[in-house]
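Note sheet for the following structure.
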Amino acid sequence: MAEVKSGRSAATRRRIVRAAHDLFVVHGYAGATFQHIADSAGVSVQTVYFHYGSKSKLLKEVIDTASVGDDAPVALLDRPEFTDLAALDDAEAVVQGWVETSAAILDRVAPVLAVVRDAAGSDPDMAAQWAVNSGQRRAAHEAFVAVLTRLESLRPGLTAHEATDITIGLLSPELFLILTRECAWPTPRWQSWTTAQLAHALLRPA
Numbered sequence: 001m002a003e004v005k006s007g008r009s010a011a012t013r014r015r016i017v018r019a020a021h022d023l024f025v026v027h028g029y030a031g032a033t034f035q036h037i038a039d040s041a042g043v044s045v046q047t048v049y050f051h052y053g054s055k056s057k058l059l060k061e062v063i064d065t066a067s068v069g070d071d072a073p074v075a076l077l078d079r080p081e082f083t084d085l086a087a088l089d090d091a092e093a094v095v096q097g098w099v100e101t102s103a104a105i106l107d108r109v110a111p112v113l114a115v116v117r118d119a120a121g122s123d124p125d126m127a128a129q130w131a132v133n134s135g136q137r138r139a140a141h142e143a144f145v146a147v148l149t150r151l152e153s154l155r156p157g158l159t160a161h162e163a164t165d166i167t168i169g170l171l172s173p174e175l176f177l178i179l180t181r182e183c184a185w186p187t188p189r190w191q192s193w194t195t196a197q198l199a200h201a202l203l204r205p206a
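If you want it as structure tokens, here you go:
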């Protein structure tokens, strides 16, 4: 019986997170109220408060879920998408795989991160959330660059720190949204272009 109840609770949280994701993207942080989210998820406002307590905690859950694609408590760098990549011995395949993984993540999370960025200037909770997410992105890209460093594939004279900076810039949610929304690039076009740019910027010439 407890397992059934736990399963229902998890399903309710997923409905709330899906509804919140869509409403945050459309209406922004201030415009997406708990009442709107509850109505869209088909639950009471009290249920949303019970599970998340505050809008900032709910948005954090939305970002965490969008970043990895589910609500399983497994960090990105511990998932097969990265561990399989880290085991490769072909630097070009590593770059291609990292951009492919990033494309899937950015499709889900970039619009929500834009909500956080826009609210950060006036909301201390969102400023803190933006700082956390920025730190997480740097840590992930540092791990990617560490794989290339292990393979001794970085361009001569390019430090790991500089390589991480370049990766953060090319794979930033801001650039992703500019190209896929403002310029109307399909995600596969962004992925192909970014793979070529990143490989040229980071990898030792053949």
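So in UniProt numbering, the last spot in the sequence shown is 206, and the numbers never skip. Cβ coordinates follow ideal geometry from the N, Cα and C atoms, glycine included. Quick caveat, the model's predicted, so the values are computed rather than measured.
Cβ-heavy atom distance, Leu58 to the ligand MG, below 7 Å: The ligand MG is not among the ligands present in this structure, which contains no ligands whatsoever.
Continuous alpha helix (DSSP H) assignments of at least 4 residues falling wholly in the stretch 9–62: Within the stretch 9–62, the complete alpha helix (DSSP H) runs of at least 4 residues are 34–41 and 45–52.
Nonlocal neighbours in the same chain, by C-beta distance under 6 Å from Leu88, ignoring five residues either side: Numbered from its first residue, the sequence shown carries residue 88 at position 88. So the qualifying residues of the chain are Val94.
Residues that DSSP places opposite Leu154 in a beta bridge: To locate residue 154, count along the sequence shown from 1; it is residue 154. For Leu154, DSSP records a beta bridge to Leu203.
Residues of its chain near Val109, where Cβ-Cβ distance is below 8 Å and the 5 sequence neighbours each way are ignored: Here residue 109 is taken as the residue at index 109 of the sequence shown, counted from 1. Result list for Val109: Ile63, Ala66, Ser67 and Pro173, in chain order.
Residue from Ser40, Leu106 and Tyr49 with nearest C-alpha to Leu177: Translated into positions along the sequence shown, residue 177 becomes position 177. Looking only at Ser40, Leu106 and Tyr49, the smallest Cα-Cα distance to Leu177 is reached by Leu106.
With 16 other Cβ atoms within 10 Å as the buried cut-off, status of Phe50: As a working note, residue 50 is residue 50 in the sequence shown. Phe50 counts as exposed, since fewer than 16 other beta carbons sit within 10 angstroms of its beta carbon.
Any 3 or more C-beta pairs closer than 8 Å across the stretch 147–159 and the stretch 189–203: In short, these stretches touch, since the Cβ pair count reaches three.
Backbone secondary structure at Val74 - three-state DSSP: For the purposes of this step, residue 74 is taken as the residue at position 74 of the sequence shown. It is coil, neither helix nor strand.
Ile178, enclosing alpha helix (DSSP H) - first and last residue: By 1-based counting over the sequence shown, the position of residue 178 is 178. No alpha helix (DSSP H) contains Ile178, which DSSP labels as neither H nor E.
Local conformation of Trp130 per DSSP, three classes: In the sequence shown, counting from the first residue as 1, residue 130 sits at position 130. Reduced to three states, the DSSP call for Trp130 is helix.
Gly31 versus Asp123 - alpha carbon distance: Counting from 1 along the sequence shown, the entry for residue 31 is found at position 31. Counting from 1 along the sequence shown, the entry for residue 123 is found at position 123. A straight line joining the alpha-carbon of Gly31 with that of Asp123 spans about 13 Å.
Distance between Val147 and Ala38 (C-alpha atoms, nearest Å): Start at 1 with the first residue of the sequence shown, and residue 38 comes out as number 38. Start at 1 with the first residue of the sequence shown, and residue 147 comes out as number 147. For Ala38 and Val147, the distance between alpha carbons rounds to 43 Å.
Alpha helix (DSSP H) segment containing Ala184, residue limits: If you number the sequence shown from 1, residue 184 lands on position 184. In the DSSP assignment, Ala184 falls outside any alpha helix (DSSP H) and carries neither an H nor an E.
Distance CB(Val116)-CB(Leu59) smaller than 8 Å: On the sequence shown, residue 116 is found 116 positions in, with the first residue counted as 1. On the sequence shown, residue 59 is found 59 positions in, with the first residue counted as 1. For Val116 and Leu59, yes; Cβs fall inside 8 Å.
Between the CA atoms of Ile168 and Pro186 - distance to the nearest angstrom: Along the sequence shown, read from residue 1 onward, the residue named residue 186 stands at position 186. Along the sequence shown, read from residue 1 onward, the residue named residue 168 stands at position 168. So the two alpha carbons sit approximately 21 Å from each other.
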